[in-house]
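Chemist: First to last, the sequence lines map onto chains A and B.
Position one of the first sequence corresponds to residue 6 (this note's numbering), numbered consecutively onward.
Position one of the second sequence corresponds to residue 6 (this note's numbering), numbered consecutively onward.
Number of protein chains: 2
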Amino acid sequence: LIDTRNLTKIYRLGDIAVKALDNVTLSIGAAEFTAIMGHSGSGKSTFMNILGCLDRPTSGQYLLEGEDVGNLSTKQLATIRNRRIGFVFQGYNLLRRTSALENVELPLTYSHIPAKERRKKSLEALKIVGLSGHEHHHSNQLSGGQQQRVAIARALVNNPSIILADEPTGNLDTRTSFEIMGVFRQLNSDNGITVIIVTHESDIAAFTRRHIVFRDGQVIEDRPNESV
Amino acid sequence: LIDTRNLTKIYRLGDIAVKALDNVTLSIGAAEFTAIMGHSGSGKSTFMNILGCLDRPTSGQYLLEGEDVGNLSTKQLATIRNRRIGFVFQGYNLLRRTSALENVELPLTYSHIPAKERRKKSLEALKIVGLSGHEHHHSNQLSGGQQQRVAIARALVNNPSIILADEPTGNLDTRTSFEIMGVFRQLNSDNGITVIIVTHESDIAAFTRRHIVFRDGQVIEDRPNESV
Ligand SMILES: Nc1ncnc2c1ncn2[C@@H]1O[C@H](COP(=O)(O)OP(=O)(O)OP(=O)(O)O)[C@@H](O)[C@H]1O
Ligand SMILES: Nc1ncnc2c1ncn2[C@@H]1O[C@H](COP(=O)(O)OP(=O)(O)OP(=O)(O)O)[C@@H](O)[C@H]1O
Ligand SMILES: [Mg+2]
Ligand SMILES: [Mg+2]
């Protein structure tokens, strides 16, 4: 499903070059449930942004379902992002003075789904993450963990085939974190959705079946989850 | 040092009243090292915002060093915030297109400290959180965990007597989290700084000496850290 070959990302900051990703070559198959781990600044979010078609590599290839993403037009990339991929950003990226419901409905507006159906799906997604009752609250009226869950609901609402979640439980208490991981696990086992989670917590990574570890832009470890 | 009596915070959202804090009465002494825990939406950030003089309660009292904060003018509150309290926000609240160094220097500009001294203190604070070499990068060029550490450095730079940190390790890998907690522990034991940390992770709370647990705006548990 996902194939990266010699994926490299270099940021130029003045006269310094930061190699955020350094020749990353790996494959993630359909219906896998994978954790991406590594130190702060090791390249995890950069990798996720490229997988999610939100950013392009400096060099190397990214094949999504056999198709070279580097050859796609901006329009084609936007369609993939809206239809096939659900993305939970490390910083949530919610609209602050917009309600939870409207934030969650946003991806569906691109799919020409009737308003009634959009609302129904969005309320369902908010229910799944435990936010029933908060649908009309604006993002800036929600707690940190509630905002994080709105971002998660938004990633689920368009029935994506791939979920990319960058630290989705960073601001959640243990019980809520485990509920969310239970949701991801169910989407993976029941619906065959490929789930890739960036996390730094081992008890969150424990829900997944494969651990990929980054350091300084490189993959230094890639193994099955022994504790499963 | 910190005394709250029947502290209550009610948010009005349309015709609904959300009781974010419900009669919270507790005391935190000087040089204490305390963890505040509880489910998402239980009132932790609301409590921290009031302690940090960033918000006022709906009813009840907050005494800081014996002084009723409710009786202070906006100007006096601003002085307390800038001189006595270091605050790490759950959402960091950094200036995005401003360098890490400038973000960290910001609190010092209120203290009429000469530019050379401001820069020196800020570089030192960035070094303490492991960000030497990143001082000139803008916030939006830093990873999530790097941004979080800029926010922590900014809270340390004005030598506060109280540090209030709302989920300061939520986006940090385990090793970096433990380094940061080591910094807080040292500031507490060597400098007598009162440190109050919101966290949902038990191995982070393990660094502290007292655990306060919130649920639905109330304190349901308040005990020493047994594992110390
Ligand atoms: N500005 C606001 N307007 C309305 N309601 C608010 C506002 N800020 C917080 N609330 C509500 O108050 C309650 C407590 O919020 P608070 O941010 O203190 O929770 P928290 O314990 O910090 O949660 P988390 O662990 O998710 O960060 C929540 O139910 C939230 O929806
Ligand atoms: N827009 C940017 N411009 C310049 N450098 C960047 C940019 N984004 C990221 N970087 C750098 O690339 C490196 C990798 O960043 P990335 O965000 O992928 O790390 P991460 O593994 O997600 O870290 P964290 O766990 O702290 O979120 C870091 O050194 C960071 O400073
Ligand atoms: Mg990141
Ligand atoms: Mg909070």
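Cβ atoms here follow ideal geometry from the backbone N, Cα and C, with glycine treated the same way.
#1: Using 8 Å as the Cβ pair cut-off and three pairs as the minimum, do the stretch 24-37 of chain B and the stretch 68-80 of chain A touch?
#2: Check each residue of the stretch 171-192 of chain B: if its Cβ is closer than 7 Å to any Cβ of chain E, include it; give the result in chain order.
#3: Closest to GLN99 of chain A by C-alpha separation, out of A:LEU161, A:ASN145, A:SER127, A:ASP195, would be which residue?
#4: When you compare each of A:VAL200, A:ILE217, A:GLY96, A:SER64 to PRO165 of chain A by their alpha carbons, which one comes out closest?
#5: Quick check on the burial criterion: 16 or more other C-beta atoms within 10 angstroms. Buried or exposed for ALA83 of chain A?
#6: I'd like the span of the alpha helix (DSSP H) that includes LEU192 of chain A, first residue to last.
#7: Is it right to say HIS141 of chain A is buried, meaning 16 or more other beta carbons lie within 10 angstroms of its own, or is it exposed?
#8: So, at 8 Å on beta carbons, what are the nonlocal neighbours of LYS49 of chain B in its own chain, with the 5 sequence-adjacent residues on each side left out?
#9: Taking the continuous alpha helix (DSSP H) assigned at PHE52 of chain A, which residues delimit it?
#10: Using 8 Å for Cβ pairs, my map puts LEU136 of chain B next to GLN153 of chain B. What's the rounded Cβ distance?
#11: Measuring straight from C-alpha to C-alpha, what distance separates LEU192 of chain B and PRO119 of chain B?
#12: Determine, using beta carbons only, whether ARG88 of chain A and ASN163 of chain A come nearer to each other than 8 Å.
#13: Verify whether the separation of the beta carbon atoms of VAL188 of chain A and ILE133 of chain A is less than 8 Å.
#14: Go ahead and pull the three-state DSSP assignment for GLN95 of chain B.
#15: Taking 8 Å as the CB-CB cut-off, is GLY96 of chain A touching chain B?
#16: Give a yes or no on whether the C-beta atoms belonging to LEU31 of chain B and ILE225 of chain B are separated by under 8 Å.
#17: Verify the CB distance criterion: does TYR16 of chain A have a CB-CB separation below 8 Å to chain B?
#18: Just checking: is the beta-carbon of GLN81 of chain B within a distance shorter than 8 Å of some beta-carbon in chain A?
#19: Name, please, each residue of chain B whose Cβ falls closer than 7 Å to the Cβ of HIS205 of chain A.
#20: Could you name the residues of the same chain whose beta carbon sits closer than 7 Å to that of GLY182 of chain B, not counting the 5 residues immediately before and after it, in chain order?
#21: Using only the heavy atoms of ligand 4, determine whether one of them is closer than 7 Å to the beta carbon of SER148 of chain A.
#22: Let me know if TYR97 of chain A comes out buried or exposed under the rule of 16 or more other beta-carbons within 10 Å of its beta-carbon.
#23: Of all Cβ atoms in chain B, is any one closer than 8 Å to the Cβ of HIS216 of chain A?
#24: When you measure from the CB of TYR97 of chain A to every non-hydrogen atom of ligand 1, does any distance come out below 7 Å?
#25: For the stretch 37-64 of chain B, list every residue whose C-beta sits within 9 Å of some C-beta in chain A, in sequence order.
Modeler: Well, looking at it:
#1: No: the two stretches stay apart, fewer than three of their Cβ pairs being nearer than 8 Å.
#2: Checking the listed chains, one finds no chain E in this structure; the protein chains it contains are A and B.
#3: The count along the first sequence starts at 1 and reaches residue 99 of chain A at position 94. In the sequence on display, residue 99 of chain A carries Leu and not Gln. Ranking the options by Cα distance to LEU99 of chain A, first place goes to A:ASN145.
#4: To locate residue 165 of chain A, count along the first sequence from 1; it is residue 160. Just measuring C-alpha positions, the residue of A:VAL200, A:ILE217, A:GLY96, A:SER64 sitting nearest PRO165 of chain A is A:VAL200.
#5: Indexing the first sequence from 1 puts residue 83 of chain A at position 78. Exposed, because fewer than 16 other Cβ atoms sit within 10 Å of the Cβ of ALA83 of chain A.
#6: As a position in the first sequence, residue 192 of chain A is number 187, starting the count at 1. According to the DSSP assignment, LEU192 of chain A belongs to the alpha helix (DSSP H) that extends over 179-196.
#7: Counting from one through the first sequence, the residue named residue 141 of chain A turns up at place 136. With fewer than 16 Cβ atoms within 10 Å of its Cβ, HIS141 of chain A is classed as exposed.
#8: As a position in the second sequence, residue 49 of chain B is number 44, starting the count at 1. These residues qualify, in order along the chain: ILE41, MET42, GLY43, ASP171, VAL203, PHE219.
#9: As a working note, residue 52 of chain A is residue 47 in the first sequence. Segment 49-56, the alpha helix (DSSP H) holding PHE52 of chain A.
#10: Here residue 136 of chain B refers to the residue found at position 131 when the second sequence is read from its first residue. Here residue 153 of chain B refers to the residue found at position 148 when the second sequence is read from its first residue. About 10 Å separates the two Cβ atoms, so there is no contact after all.
#11: Here the question's residue 192 of chain B lines up with position 187 in the second sequence. Here the question's residue 119 of chain B lines up with position 114 in the second sequence. In a straight line, the C-alpha of LEU192 of chain B is about 24 Å away from that of PRO119 of chain B.
#12: Looking up residue 88 of chain A in the first sequence gives position 83. Looking up residue 163 of chain A in the first sequence gives position 158. Yes, they are a contact pair.
#13: Position 183 of the first sequence, counted from the first residue, corresponds to residue 188 of chain A. Position 128 of the first sequence, counted from the first residue, corresponds to residue 133 of chain A. Yes; because the gap between Cβ atoms is below 8 Å, this pair is in contact.
#14: Sequence index remark: in the second sequence, residue 95 of chain B carries index 90 (1-based). In the structure shown, GLN95 of chain B sits in coil (DSSP, three-state: anything other than H, G, I, E or B).
#15: Locating residue 96 of chain A in the first sequence gives position 91, counting from the first residue. By the rule that beta-carbons nearer than 8 Å mark a contact, GLY96 of chain A touches chain B.
#16: Position 26 of the second sequence, counted from the start, is the residue given in the question as residue 31 of chain B. Position 220 of the second sequence, counted from the start, is the residue given in the question as residue 225 of chain B. Not closer than 8 Å, so no.
#17: Start at 1 with the first residue of the first sequence, and residue 16 of chain A comes out as number 11. Yes, its Cβ sits closer than 8 Å to a Cβ of chain B.
#18: Numbered from 1 along the second sequence, position 76 holds the residue referred to as residue 81 of chain B. For GLN81 of chain B, the answer is no, since every Cβ of chain A falls outside 8 Å of its Cβ.
#19: Working through the first sequence from its first residue, we reach residue 205 of chain A at position 200. Taking the beta carbon of HIS205 of chain A as reference, the chain B residues within 7 Å of it are LEU177, ASP178, THR179, listed in sequence order.
#20: Taking the first residue of the second sequence as position 1, residue 182 of chain B is located at position 177. Residue 182 of chain B is actually Ser in this sequence, not Gly. Counting only Cβ-Cβ distances below 7 Å, and skipping sequence neighbours, we find THR174, ILE209.
#21: To locate residue 148 of chain A, count along the first sequence from 1; it is residue 143. Yes; taking the cut-off as 7 Å, the Cβ of SER148 of chain A has a heavy atom of ligand 4 nearer than that.
#22: Your numbering for residue 97 of chain A matches position 92 in the first sequence. Buried, because 16 or more other Cβ atoms sit within 10 Å of the Cβ of TYR97 of chain A.
#23: If you number the first sequence from 1, residue 216 of chain A lands on position 211. It does not: the Cβ of HIS216 of chain A has no partner Cβ on chain B nearer than 8 Å.
#24: Against the first sequence, residue 97 of chain A aligns to sequence position 92. With a cut-off of 7 Å, the C-beta of TYR97 of chain A is classified as distant from ligand 1, since no heavy atom of the ligand falls inside that distance.
#25: So the close ones are MET42, GLY43, HIS44, SER45, GLY46, SER47, GLY48, LYS49, SER50, THR51.
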